[in-house]
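A.B. asks: The numbering of the sequence shown is my numbering, which starts it at 116 and goes up by one.
In this text, a Cβ means the ideal position worked out from N, Cα and C, and glycines have one as well.
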Amino acid sequence: MNRAFEKTGVPASMKALTIGLNSEIFALPAESVREILDMVPVTEVPNARAFVGGVLNVRGKVVPLADLRVMFGMERTPPDTNTRIVVIEVDLEGEPALVGILADKVHDVTEIEGASVEDAPAVGMRWRAEFIRGIGKRGTDFIIIPDMARIFGPKEDRELSSTPDERKL
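(1) Out of 170, 146 and 155, state which residue places its alpha-carbon closest to the alpha-carbon of residue 162.
(2) Check residue 160 in the structure and name its three-state DSSP category.
(3) When we look at the beta-carbon of residue 257 and count the other beta-carbons within 10 Å, is it buried (16 or more) or exposed?
(4) Where does residue 170 sit, in a helix, a strand or coil, going by DSSP?
(5) Does the Cβ of residue 229 have 16 or more other Cβ atoms within 10 Å, making it buried, or fewer, making it exposed?
(6) Excluding the 5 residues preceding and the 5 following residue 185 in the sequence, name in chain order all residues of the same chain whose CB lies nearer than 6 Å to its CB.
(7) Indicate the three-state DSSP secondary structure (helix, strand or coil) for residue 138 in the structure shown.
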């Protein structure tokens, strides 16, 4: 197994749902995916953090909707016919919680092999490295594996790795 892959906390092989955010491909652990929804009405939450600006009703449950493009410093684009909401289960301080992830497009479920995953480079990245578990390769495409525990973890974890201006979001 690739040593960098071992450090990322991703298993030797990972079944993942691949989604598109802008022109990038991201991978979410397939076992965490609960459902994929077409766009539904989103209720905005006043004074919410920029990356979780609203909630939606998923089978009678209030579920926060996160836009990972904000976390990765990407341009926000309006929803279109390919936009989906991927509902995943994440561990929040030891408790399972449902979170909706806004995706420009849902691609497919794929197997990501450990030998193809490396640590995110410390320099020259477009994305915030502290929120990346690793970067895999499939053919000629790079697949970014986000660290969902870090992204949705305690606010202090995110603040320690952000700039003062980002902390206000």
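C.D. replies: Taking the structure as given:
(1) Position 47 of the sequence shown holds residue 162. Selected option, being the one with the closest Cα: 170.
(2) Sequence index remark: in the sequence shown, residue 160 carries index 45 (1-based). Looking at residue 160 - three-state DSSP - the assignment turns out to be coil, as it is neither helix nor strand.
(3) Looking up residue 257 in the sequence shown gives position 142. The residue is exposed, with fewer than 16 neighbouring Cβ atoms inside 10 Å.
(4) In the sequence shown, counting from the first residue as 1, residue 170 sits at position 55. The answer is strand: DSSP assigns residue 170 an E or B state.
(5) Start at 1 with the first residue of the sequence shown, and residue 229 comes out as number 114. Buried, since its Cβ has 16 or more Cβ neighbours within 10 Å.
(6) In the sequence shown, residue 185 corresponds to position 70, counting from 1. So the list reads 165 and 166, once near-sequence residues are dropped.
(7) Stepping through the sequence shown from its first residue, residue 138 is reached at position 23. Looking at residue 138 - three-state DSSP - the assignment turns out to be coil, as it is neither helix nor strand.
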